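> Structure in structure tokens, see below.
4 protein chains.
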Amino acid sequence: MVGKKDKKPKKDKTGPLTDKQRRVLDAAMEVFAEQGFSATSTSEIAKRAGVAAGTVFRFYKTKKDLLVGAVAPLFKRFVAPSLVREFGKVLQADHATLESFIGAVLQDWLEFVQKNRRVIRVALQETPLHPELRALWQESIMDQLRPMVLDQIEGLQDRGLVVVLPPETVARMMASVFAGYAMQRFFVEPDREWDDGAELAAMVDVLGRGLAPREAA
Amino acid sequence: MVGKKDKKPKKDKTGPLTDKQRRVLDAAMEVFAEQGFSATSTSEIAKRAGVAAGTVFRFYKTKKDLLVGAVAPLFKRFVAPSLVREFGKVLQADHATLESFIGAVLQDWLEFVQKNRRVIRVALQETPLHPELRALWQESIMDQLRPMVLDQIEGLQDRGLVVVLPPETVARMMASVFAGYAMQRFFVEPDREWDDGAELAAMVDVLGRGLAPREAA
Amino acid sequence: MVGKKDKKPKKDKTGPLTDKQRRVLDAAMEVFAEQGFSATSTSEIAKRAGVAAGTVFRFYKTKKDLLVGAVAPLFKRFVAPSLVREFGKVLQADHATLESFIGAVLQDWLEFVQKNRRVIRVALQETPLHPELRALWQESIMDQLRPMVLDQIEGLQDRGLVVVLPPETVARMMASVFAGYAMQRFFVEPDREWDDGAELAAMVDVLGRGLAPREAA
Amino acid sequence: MVGKKDKKPKKDKTGPLTDKQRRVLDAAMEVFAEQGFSATSTSEIAKRAGVAAGTVFRFYKTKKDLLVGAVAPLFKRFVAPSLVREFGKVLQADHATLESFIGAVLQDWLEFVQKNRRVIRVALQETPLHPELRALWQESIMDQLRPMVLDQIEGLQDRGLVVVLPPETVARMMASVFAGYAMQRFFVEPDREWDDGAELAAMVDVLGRGLAPREAA
DNA sequence: AATGAATGAGCTTTCATTCAT
DNA sequence: CATGAATGAAAGCTCATTCAT
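Chains as they are written, first to last, in the working numbering: chain A, 5 to 221; chain B, 5 to 221; chain C, 5 to 221; chain D, 5 to 221.
Okay, structure coming up:
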């Protein structure tokens with residue numbers, strides 16, 4: 005009985021995913037990103053994951069479970085917490101100026117998107133088509149993150165650091181400027197040479213002056 | 005009792021699309037928007053269009069032709085010209101201030117998106133998955149519209165009306181702020197009550213001050 | 005009212021086929037020969053005939069009627085009569101030798117096949133698949149021609165001009181030798197250069213000596 | 005009661021075809037022979053093979069693959085080798101007389117056709133319609149078998165055993181006489197009572213005398 | 001657990017046939 | 001008569017899912 009084969013890492017809560025399960029999930033995201041959920045066949049996923057066709061269904065009863073099962077955890081476990089944590093860190097810091105605040109936020113976002121490109125792509129692409137995913141956004145972003153952000157912005161407005169506009173509008177503008185860059189940067193033209201530093205600086209500059217209180221003049 | 009049943013309008017050159025063809029195209033866009041191209045069955049399209057299954061293929065030899073045939077024309081015939089024309093009108097006007105310029109542009113865009121919601125939604129959703137559509141964007145937007153816009157921005161910069169940043173960055177920020185609003189306004193929460201006027205004003209305000217030359221201070 | 009347009013040749017029994025009907029029939033045989041009956045679409049026939057899809061069905065209610073309607077008449081009106089007539093001519097002639105008889109027969113056959121290549125090809129190809137055509141062969145060939153031929157051969161045997169073998173066997177051998185040549189000549193390698201005279205001579209020679217009475221020795 | 009259910013014979017290299025694959029192939033040939041390739045539906049094949057509709061495509065990706073996959077192997081693995089082997093055997097034997105040679109050849113052919121009736125029928129019927137099959141004939145028969153046969157006949161002519169005619173003509177006549185019999189015997193009237201011995205004897209007799217050198221007289 | 005052969009519903013597409021014009 | 005748009009049944013083929021091994 006000299007230690008059996010090292011199989012079966014079991015489900016210790018540190019990593020509840022089998023190696024095989026992980027590979028299936030990765031393969032799924034890969035193909036979903038390339039061809040879209042509906043155009044992807046489970047056999048293609050199995051092939052890329054290097055497992056048998058039937059094995060896929062041991063972990064996820066249906067193909068759709070694969071999508072939700074791949075997006076949801078990566079969502080709940082990485083996306084939301086990551087966003088919240090990073091954002092929290094940023095917000096807690098005592099930002100002397102609006103610019104330093106914006107700069108910190110955008111920097112965090114950029115890293116986050118970079119690390120989760122594929123899942124984000126799939127999530128963006130499939131969300132309009134699957135109510136399950138829509139619910140995930142709702143819960144994670146709208147219900148949790150949004151109030152935090154809006155509160156924070158109101159605070160900044162109270163301190164006279166941000167222009168007086170509906171907090172949601174302010175948040176949307178920041179998010180939009182960043183998202184516009186991130187989309188082009190990672191999804192539309194990922195192969196171009198990008199100077200993230202300069203672009204971030206530009207965004208900070210423009211947003212900083214644009215969102216500054218009007219009586220700054 | 006003049007004129008019998010108004011059937012068979014034949015091909016008056018005003019619109020080269022049969023009534024039935026129009027209905028098929030509309031139905032296709034409708035379902036594509038709801039379920040995505042790949043998850044949509046041609047029989048569903050036929051049903052919604054009120055025609056027989058086989059009739060769909062009279063007009064469009066393959067299902068994919070339906071997608072391209074619906075997006076492409078509406079793209080080439082509305083998107084590009086419309087954008088170009090409107091944009092041209094705006095640009096040619098002698099805008100005294102940066103704000104009046106931005107305001108005019110955003111106003112045009114908003115109307116455009118509103119009128120072409122469904123096609124835009126389908127185009128956005130399917131573009132990453134279909135090289136044909138990617139090519140359409142390339143030709144219409146990147147090759148035609150982009151140079152015009154960049155030139156224009158450079159002109160504004162030369163006149164000291166716009167902050168000195170890469171013209172593409174400036175353009176992207178304007179587009180991003182607008183797109184962010186348009187997305188939420190029309191696609192994410194279309195049913196909310198929106199005050200387009202106020203939102204446009206806010207965008208103009210923020211972009212106006214953000215994109216103003218720095219030495220304004 | 006000086007003679008209307010020359011339309012409507014009507015069905016005077018000399019040529020009961022409209023010009024259009026003729027073209028449809030020709031087109032049908034053309035495509036049937038190329039692709040086979042089942043793989044041919046009626047619209048292809050219509051296109052080649054230069055008529056509308058619906059027009060085909062004015063003459064022949066179903067696609068199959070086209071096949072039978074093309075093969076049958078050309079069969080009954082050309083094949084059988086032609087064969088019978090020519091054969092009759094040959095048989096009635098007072099052939100001094102077996103060779104002159106065989107030579108005359110083969111010569112007639114060759115011309116016949118040459119003139120009716122396409123119909124023969126279609127008939128050969130489709131007969132095994134369509135009972136209707138099988139019936140045609142039965143009636144035309146087996147019931148009518150066969151007895152004539154067998155009688156004739158028996159006559160020749162009685163006169164000591166042909167080896168004593170079952171008349172059917174004798175007939176089959178003549179037919180086989182000829183058919184083998186005709187098949188290769190017209191259907192397998194029609195583009196090769198053929199010396200019909202030499203080949204016919206060879207067939208006459210071999211059949212002549214092979215079918216000669218044994219006591220010739 | 006050793007040995008459980010005899011299922012899953014696995015791939016013993018004797019026959020690389022699964023039992024199910026075999027059944028599909030057999031069913032296909034059966035229906036192709038009856039209705040022709042084009043008129044046969046894959047579901048009909050599946051039904052006769054006793055498998056699900058989709059199963060057919062496990063083995064053969066397209067319907068056409070079924071045709072080629074059924075004809076080609078049986079062609080390459082039986083037809084050519086069989087013909088060549090048998091023919092070789094026959095040719096190597098030191099045939100004292102032309103008749104003994106012909107008799108041996110025809111005997112071999114007859115057995116061969118009898119054993120492969122169905123495939124031969126399908127091959128004959130479908131060859132004119134499928135270039136792929138034409139290529140098979142070309143390679144197997146024209147390129148391989150033909151030269152062998154022609155050589156052999158020339159040899160016989162040199163030895164003064166066969167009439168001096170183009171070797172191809174000689175070969176064709178032998179083949180034609182045989183093919184004519186085989187066609188009627190197996191395909192046109194398979195249900196009649198046939199005396200193969202007598203018919204073969206007749207063919208040997210007639211061909212023997214017909215193909216004998218002329219100066220025999 | 002893992003496999004992969006087998007299933008059969010469902011998909012896109014074709015086509016013989018009809019019929020209003 | 002002739003047309004060709006329209007039909008809808010049926011075809012070839014795919015694929016999510018199951019299950020005996």
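Beta carbons are placed, not taken as given, at the ideal position from N, Cα and C, and that holds for glycine. On a predicted model such as this, the values are computed, not experimentally measured, just so you know.
1. Would you please state the rounded distance, in angstroms, between the beta carbons of residue 157 of chain D and residue 181 of chain D? I believe it to be under 8 Å.
2. Going by C-alpha to C-alpha distance, which of D/140, D/23, D/187 and D/147 sits closest to residue 116 of chain D?
3. Looking at the ligand SAM, does it come within less than 7 Å of residue 48 of chain C, judged from the CB to the closest heavy atom?
4. With 16 other CB atoms within 10 Å as the buried threshold, where does residue 184 of chain C fall?
5. Got a sec? Which residues, its chain only, sit under 7 Å from residue 121 of chain C by beta carbon, not counting five neighbours each side?
6. Need the endpoints of the alpha helix (DSSP H) that residue 205 of chain D sits in, please.
7. Along the alpha helix (DSSP H) that carries residue 49 of chain C, what are the first and last residues, could you check?
8. For residue 64 of chain D, which residues in the same chain have their Cβ closer than 6 Å to its Cβ, ignoring the five residues on either side in sequence?
9. Anything in the stretch 175–190 of chain D with a Cβ closer than 7 Å to a Cβ of chain C? List those residues in chain order, please.
10. Which of helix, strand or coil does DSSP assign to residue 21 of chain C?
11. Give me the Cα-Cα distance between residue 15 of chain B and residue 54 of chain C, rounded to the nearest whole angstrom.
12. Spell out whether any CB of chain D is found under 8 Å from the CB atom of residue 3 of chain C.
13. Of the choices D/166, D/24, D/40 and D/68, whose alpha-carbon is the least far from that of residue 51 of chain D?
14. Can you give the Cα-Cα distance for residue 43 of chain B and residue 119 of chain C, rounded to whole angstroms?
15. How is residue 68 of chain C classed by DSSP in three states: helix, strand or coil?
16. Straight-line CA distance for residue 211 of chain C to residue 37 of chain C?
17. Under 7 Å Cβ-Cβ, which residues of chain C neighbour residue 223 of chain D?
18. Does any residue of chain D bring its CB to less than 8 Å from the CB of residue 222 of chain C?
19. In terms of residue numbering, what span does the alpha helix (DSSP H) encompassing residue 59 of chain B cover?
20. Does the beta carbon of residue 25 of chain B sit closer than 8 Å to a beta carbon anywhere in chain A?
21. Would you mind listing the alpha helix (DSSP H) stretches within the stretch 146–194 of chain A that are 4+ residues and don't spill past its ends, in chain order?
22. Can you check whether the CB of residue 48 of chain C is closer than 8 Å to the CB of residue 60 of chain C?
23. Buried or exposed for residue 209 of chain A, please, with buried defined as at least 16 other CB atoms from any protein chain shown within 10 angstroms of its CB.
24. Can you confirm whether residue 136 of chain B, when its beta carbon is compared against all beta carbons of chain A, has any partner nearer than 8 Å?
25. Using a Cβ-Cβ cut-off of less than 7 Å, give me the residues of the stretch 121–153 of chain D that come near chain C, in sequence order.
26. Output yes if chain C places a C-beta closer than 8 Å to the C-beta of residue 210 of chain D; else output no.
27. Note down the Cα distance separating residue 142 of chain C from residue 128 of chain D, rounded to an integer number of angstroms.
28. Please report the straight-line C-alpha distance between residue 125 of chain D and residue 29 of chain C, rounded to a whole angstrom.
29. Taking all protein chains shown into account, do 16 or more other C-beta atoms lie within 10 angstroms of the C-beta of residue 201 of chain C, making it buried, or fewer, making it exposed?
30. Indicate whether at least one CB of chain D lies closer than 8 Å to the CB of residue 203 of chain C.
31. Under a CB-based cut-off of 8 Å, is residue 213 of chain C close to chain D?
32. Alpha carbon to alpha carbon, what distance is there between residue 33 of chain A and residue 133 of chain B?
33. So residue 137 of chain D packs on residue 204 of chain D, CB below 8 Å; how close in whole Å?
34. Go to residue 142 of chain B, then tell me how far its alpha helix (DSSP H) extends in each direction, as first and last residue.
35. Helix, strand or coil, according to DSSP, for residue 196 of chain D in the structure here?
So, from the data block:
1. Your numbering for residue 157 of chain D matches position 153 in the fourth sequence. Your numbering for residue 181 of chain D matches position 177 in the fourth sequence. That pair is no contact at about 15 Å.
2. Sequence index remark: in the fourth sequence, residue 116 of chain D carries index 112 (1-based). If we check each option's Cα against that of residue 116 of chain D, D/187 comes out closest.
3. The ligand SAM is not part of this structure, which contains no ligands at all.
4. What you label residue 184 of chain C is simply residue 180 of the third sequence in a count that begins at 1. Answer is buried; the Cβ neighbour count reaches 16.
5. Numbered from its first residue, the third sequence carries residue 121 of chain C at position 117. Counting only Cβ-Cβ distances below 7 Å, and skipping sequence neighbours, we find 190.
6. The sequence position of residue 205 of chain D within the fourth sequence is 201, counting from 1. Residues 200–215.
7. The residue you call residue 49 of chain C lines up with position 45 of the third sequence. That run of the alpha helix (DSSP H) goes 46–53.
8. The residue given as residue 64 of chain D occupies position 60 in the fourth sequence. Cβ within range, chain order: 70 and 73.
9. 176, 177, 179, 180, 181, 183, 184, 185 and 188
10. Locating residue 21 of chain C in the third sequence gives position 17, where the first residue counts as 1. Of the three classes helix, strand and coil, the one that applies to residue 21 of chain C here is coil, per DSSP.
11. If you number the second sequence from 1, residue 15 of chain B lands on position 11. If you number the third sequence from 1, residue 54 of chain C lands on position 50. Because residue 15 of chain B carries a pLDDT of 42, less than 50, the predicted location of this residue cannot be relied on, and no value is offered for it.
12. The requested residue 3 of chain C is not part of the displayed model; chain C covers only 5 to 221.
13. The residue labelled residue 51 of chain D in the question sits at position 47 within the fourth sequence. Closest option to residue 51 of chain D, Cα to Cα, is D/24.
14. Mapped onto the second sequence, residue 43 of chain B falls at position 39. Mapped onto the third sequence, residue 119 of chain C falls at position 115. Their backbone Cα atoms lie some 56 Å apart in a straight line.
15. Counting from one through the third sequence, the residue named residue 68 of chain C turns up at place 64. Note: residue 68 of chain C maps to helix in three-state DSSP.
16. As a working note, residue 211 of chain C is residue 207 in the third sequence. As a working note, residue 37 of chain C is residue 33 in the third sequence. Rounded to whole angstroms, residue 211 of chain C to residue 37 of chain C spans 32 Å at the Cα level.
17. Given that chain D is displayed from residue 5 to residue 221, the structure contains no residue 223 of chain D and the question cannot be resolved.
18. In the structure as shown, chain C begins at 5 and stops at 221. Residue 222 of chain C is therefore absent and cannot be evaluated.
19. Mapped onto the second sequence, residue 59 of chain B falls at position 55. Per DSSP, residue 59 of chain B belongs to no alpha helix (DSSP H) and is neither H nor E.
20. Within the second sequence, residue 25 of chain B is the residue found at index 21, counting from 1. It does not: the Cβ of residue 25 of chain B has no partner Cβ on chain A nearer than 8 Å.
21. 150–162 and 171–186
22. Taking the first residue of the third sequence as 1, we reach residue 60 of chain C at position 56. Taking the first residue of the third sequence as 1, we reach residue 48 of chain C at position 44. It is not a contact, given that the beta carbons lie outside the stated cut-off.
23. In the first sequence, the residue the question calls residue 209 of chain A occupies position 205. The residue is buried, with at least 16 neighbouring Cβ atoms inside 10 Å.
24. As a first step, residue 136 of chain B must be located in the second sequence, where it is residue number 132. No, because no Cβ of chain A sits closer than 8 Å to the Cβ of residue 136 of chain B.
25. 129, 132 and 133
26. Here the question's residue 210 of chain D lines up with position 206 in the fourth sequence. Taking Cβ atoms only, chain C reaches closer than 8 Å to residue 210 of chain D, which makes this a yes.
27. In the third sequence, the residue the question calls residue 142 of chain C occupies position 138. In the fourth sequence, the residue the question calls residue 128 of chain D occupies position 124. Their Cα atoms are separated by approximately 21 Å.
28. As a position in the fourth sequence, residue 125 of chain D is number 121, starting the count at 1. As a position in the third sequence, residue 29 of chain C is number 25, starting the count at 1. It is roughly 28 Å from the alpha-carbon of residue 125 of chain D to the alpha-carbon of residue 29 of chain C.
29. The sequence position of residue 201 of chain C within the third sequence is 197, counting from 1. Residue 201 of chain C should be labelled exposed.
30. Position 199 of the third sequence holds residue 203 of chain C. Interface residue, yes.
31. What you label residue 213 of chain C is simply residue 209 of the third sequence in a count that begins at 1. Output row for residue 213 of chain C: interface = yes.
32. The residue labelled residue 133 of chain B in the question sits at position 129 within the second sequence. The residue labelled residue 33 of chain A in the question sits at position 29 within the first sequence. The straight-line gap from Cα to Cα measures roughly 14 Å.
33. As a first step, residue 137 of chain D is located in the fourth sequence; it is residue number 133 there, counting from the start. As a first step, residue 204 of chain D is located in the fourth sequence; it is residue number 200 there, counting from the start. That pair is no contact at about 29 Å.
34. Here residue 142 of chain B refers to the residue found at position 138 when the second sequence is read from its first residue. Where residue 142 of chain B is concerned, there is no enclosing alpha helix (DSSP H), given that its DSSP letter is neither H nor E.
35. Against the fourth sequence, residue 196 of chain D aligns to sequence position 192. Looking at residue 196 of chain D - three-state DSSP - the assignment turns out to be coil, as it is neither helix nor strand.
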